[in-house]
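**Student:** Chains as they are written, first to last, in the numbering used here: chain Z, 2 to 192; chain B, 2 to 192; chain H, 2 to 192; chain A, 2 to 192.
Below: one structure in structure tokens.
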């Protein structure tokens, strides 16, 4: 079974999620600068979520490049990842419209955490299908960055109830950490 | 005529339907846990419909893998399937917002039933085009799972007027029954 | 320049239009059969527009199959067609919500007419690029069905101001006329 | 790393943006010609933005045709471009619903300006990856049209506060200037 259709389908879902995100930026009533001000937190959350979805798309791109074939398990592990990503527009809208309140900031983190776990499951499913000498396993190594992200998300969820700015700072940290595409895989592909 | 464009178009429609589904999860007014509670039935219906669309996409993927070429009849049988699937976000939203009331639960089942019938028509159209020795016919066999699903949907529609929880339980049963990708085809492709 | 990306882009736009169409079917307030009744005209208009978009996608599929290469003119003639198709959800929603009133029924026809003209321009642009011995020109012949459709749309627009049911009947006529994929091209491809 | 998936993803995003644009054309309450009149500025802005997105898609198509391979930098430069394009439906809606008022007209220009800058960055990133003898660099030359567009956008933003019609006229000018696909690249591809 070829992986082309899996890639195309995932690309389609992520492309739509990225554009649905922007629907939360509702056209304001007024026509002056003041009308834009209440949109600022929504806009900033939009930028953050855009980067997260971009990171997932980019890493997914790299990961599938090292996958050989697709079986039913991989297909569902991928749908599981897309499920959590599909909730990002909802949590983005909720966090953005509530000026970074505690519960929406925590729920935003829960969805990111679950997406990271789903990504990790997908990765392991592909590696399991490749058996020994898996190219993906070799490229990923200990996957320290993936594990660290999950730990930071968990911390951010807890800290949202202390002060939501801690969580926001941690989400931005993870986004920046991944903004650079995964050089481990890229160098292996090039090498 | 190649089947690539038919696959890409179907993938596009299903990818959009999956993401449009989540638009029914409207951002709540409040910013606490209580604000999320009324969304729970909508969320559960969303998960159910996501799984159904995932099952259709996965089975469609497997089925077209065994198709050779595409003609006008197959193209329209496929559009007919997409038509019924396109109504899933509507019935999902209606059922979710009405706490699983009788009529919405029955209409939800009607759309699933019609989609299953459309899938079966598409399957038969492809087999008819392959003539004797059809690889798809051999892989599917008696299609017991497909026929059983249609029977369960019909039962669920009737039971929605007795107690909607019966229907909900039956929909979940069908979803779980299909969550495992069609091993008959997969083993044949691998074999 | 390859035609693959033009096909993929057009498929994407039509796939999204088909699914955006269904967004006009808003989830009703009530949970009984009576709540569905006001949706009936919207639903019927939805079915009609779904068929029209399906016809365009199917014919576009066949037409590009006979195109050799894509140049800038073809690219813009194609975008011009997509522009008119993109207005179909708007006119569908307006006609559906106004129980087939005169002006919305006429405007619905104007968009279909312009899409048909745009399709014809795209066809001529591809043929012009192929020069003599164009395979597409040979397959299409006099394009009687295309010209007839344009004439029927023009009649339907005028008749919308007499009685909108005439227009509705004419739109259904054109849809049925095209529901059968273009055998002239299909037989040529097969032959 | 192949460029196919980058093209497909970009096509997906632009296809969705083009169709989301039309969602700002809300179905009016009335059913007569008067009901359409308030939609006229929204419609005209829609046409303008449709042309801009079409121009970006067409030029992107041409540019990637001359790209060889895709690396992480190109991937993110492309996402950066898509980010600014994703804001076009928002600015289109805001400008259209405010009858071309000053601030919305200026913000519309800011997003176009940033998209043009992002396009230019993407172009330079691809050229940098190709090194000497870059086919894209040769095809683009001094990129006078790209630089001129950026200058016109900047002027249009400033003039929006004098009289918004100046900006509107300038936006239309840029759109017309690009409506012709980039012959420099096309002739090179053909040659």
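Beta carbons are placed, not taken as given, at the ideal position from N, Cα and C, and that holds for glycine.
All of these numbers come straight from a predicted model, not from anything done at the bench.
Whose Cβ in chain A lies nearer than 7 Å to the Cβ of residue 213(Z)?
**Tutor:** In the structure as shown, chain Z starts at 2 and stops at 192, and residue 213(Z) therefore has no counterpart that could be examined.
**Student:** How is the alpha helix (DSSP H) around residue 44(A) delimited, first residue to last?
**Tutor:** Per DSSP, residue 44(A) belongs to the alpha helix (DSSP H) from 41-66.
**Student:** In the DSSP assignment, the alpha helix (DSSP H) including residue 11(Z) goes from what residue to what residue?
**Tutor:** Its alpha helix (DSSP H) spans residues 5-22.
**Student:** Kindly indicate if chain Z contains any beta-carbon less than 8 Å away from that of residue 158(A).
**Tutor:** It does not; no Cβ of chain Z falls within 8 Å.
**Student:** Quick one: does residue 26(B) have its CB under 8 Å from some CB of chain Z?
**Tutor:** Yes - at least one Cβ of chain Z is within 8 Å of the one on residue 26(B).
**Student:** With a threshold of 6 Å on Cβ separation, who are the neighbours of residue 115(H) within its own chain once the five nearest residues in sequence on each side are excluded?
**Tutor:** Cβ within range, chain order: 85.
**Student:** Could you check how far apart the C-beta atoms of residue 21(Z) and residue 90(Z) are, in whole angstroms? I think they sit under 8 Å.
**Tutor:** Sure, about 5 Å apart at Cβ, within 8 Å.
**Student:** Classify residue 35(Z): buried if its beta carbon has 16 or more other beta carbons within 10 angstroms, exposed otherwise.
**Tutor:** Result: exposed.
**Student:** Which runs of the alpha helix (DSSP H) at least 4 residues long sit entirely within the stretch 65-119 of chain B? Give them in chain order.
**Tutor:** Listed in chain order, the complete alpha helix (DSSP H) runs (minimum 4 residues) inside the stretch 65-119 of chain B are 73-87 and 89-98.
**Student:** Quick check: the stretch 33-48 of chain H against the stretch 40-52 of chain A, are at least 3 beta-carbon pairs closer than 8 Å?
**Tutor:** Contact between the stretch 40-52 of chain A and the stretch 33-48 of chain H is absent, because fewer than three Cβ pairs lie under 8 Å.
**Student:** Of the residues 77(A), 63(A) and 7(A), which one's Cα is nearest the Cα of residue 72(H)?
**Tutor:** Checked all of 77(A), 63(A) and 7(A); the closest Cα to residue 72(H) is 63(A).
**Student:** On a CA-only basis, which of 177(A), 13(A), 74(A) and 32(A) is nearest residue 124(A)? Give me that one, please.
**Tutor:** Among 177(A), 13(A), 74(A) and 32(A), the Cα nearest to that of residue 124(A) belongs to 74(A).
**Student:** Indicate whether at least one CB of chain H lies closer than 8 Å to the CB of residue 84(A).
**Tutor:** Taking Cβ atoms only, chain H never reaches closer than 8 Å to residue 84(A), which makes this a no.
**Student:** When you compare only the Cα positions, how much space is there between residue 153(Z) and residue 175(Z)?
**Tutor:** Roughly 8 Å separates the two Cα atoms.
**Student:** Which of the three DSSP states is assigned to residue 167(Z) in this structure?
**Tutor:** Helix at residue 167(Z).
**Student:** Compare the Cα-Cα distances from residue 3(Z) to each of 66(Z), 138(Z) and 59(Z) and report the closest residue.
**Tutor:** Taking only the C-alpha atoms, the option nearest residue 3(Z) is 66(Z).
**Student:** Could you tell me whether the Cβ of residue 176(Z) comes closer than 8 Å to any Cβ of chain D?
**Tutor:** Of the protein chains in the structure, Z, B, H and A, none is chain D.
**Student:** Can you pull out the residues from the stretch 144-170 of chain B whose beta carbon lies closer than 9 Å to at least one beta carbon of chain Z?
**Tutor:** For the stretch 144-170 of chain B, which is checked against every Cβ of chain Z, not one residue is closer than 9 Å.
**Student:** Taking only beta-carbon atoms, is residue 20(B) less than 8 Å away from chain Z?
**Tutor:** By this cut-off, residue 20(B) is an interface position.
**Student:** Give the DSSP-derived three-state secondary structure of residue 150(H) in the structure shown.
**Tutor:** Three-state DSSP puts residue 150(H) in a helix.
**Student:** Here's a check: name, in chain order, each residue in its chain whose Cβ is nearer than 7 Å to the Cβ of residue 165(B), leaving out the five neighbours to either side.
**Tutor:** Closer than 7 Å at Cβ, skipping near neighbours: 101, 102, 103 and 106.
**Student:** Where does residue 133(B) fall in DSSP's three states?
**Tutor:** Coil, per DSSP.
**Student:** With H, G and I counted as helix, E and B as strand and the rest as coil, what does DSSP make of residue 161(B)?
**Tutor:** Of the three classes helix, strand and coil, the one that applies to residue 161(B) here is coil, per DSSP.
**Student:** Taking beta-carbon pairs under 7 Å, can you tell me which members of the stretch 73-97 of chain H lie near chain B?
**Tutor:** Taking 7 Å as the Cβ-Cβ cut-off against chain B, none of the residues of the stretch 73-97 of chain H qualify.
**Student:** The alpha helix (DSSP H) with residue 37(Z) in it runs from where to where?
**Tutor:** Run containing residue 37(Z): 34-37, per the alpha helix (DSSP H) assignment.
**Student:** In or out: residue 30(A) buried (at least 16 other Cβ within 10 Å) or exposed?
**Tutor:** Exposed: under 16 other Cβ atoms inside 10 Å.
**Student:** For residue 179(Z) and chain A, any beta-carbon pair shorter than 8 Å?
**Tutor:** Judged by the 8 Å Cβ criterion, residue 179(Z) is not in contact with chain A.
**Student:** How would you call residue 163(Z), buried or exposed, if buried means at least 16 neighbouring beta carbons within 10 angstroms?
**Tutor:** Residue 163(Z) should be labelled exposed.
**Student:** With H, G and I counted as helix, E and B as strand and the rest as coil, what does DSSP make of residue 143(A)?
**Tutor:** Coil at residue 143(A), not helix or strand.
**Student:** Can you look up residue 173(A) in the DSSP assignment and give me helix, strand or coil?
**Tutor:** Helix at residue 173(A).
**Student:** Nearest CA to the CA of residue 96(H): which residue from 121(H), 26(H) and 81(H)?
**Tutor:** Checked all of 121(H), 26(H) and 81(H); the closest Cα to residue 96(H) is 26(H).
**Student:** Rank 46(Z), 23(Z), 179(Z) and 56(Z) by C-alpha distance to the C-alpha of residue 200(Z) and give the top, closest one.
**Tutor:** A question about residue 200(Z) goes unanswered here, because the residues of chain Z that appear run from 2 up to 192.
**Student:** Which chain B residues sit within Cβ distance under 9 Å of residue 59(H)?
**Tutor:** The contacting residues are 73, 76, 77 and 80.
**Student:** In the structure shown, what three-state DSSP assignment does residue 124(Z) receive?
**Tutor:** If DSSP states are grouped into helix, strand and coil, residue 124(Z) belongs with the helices.
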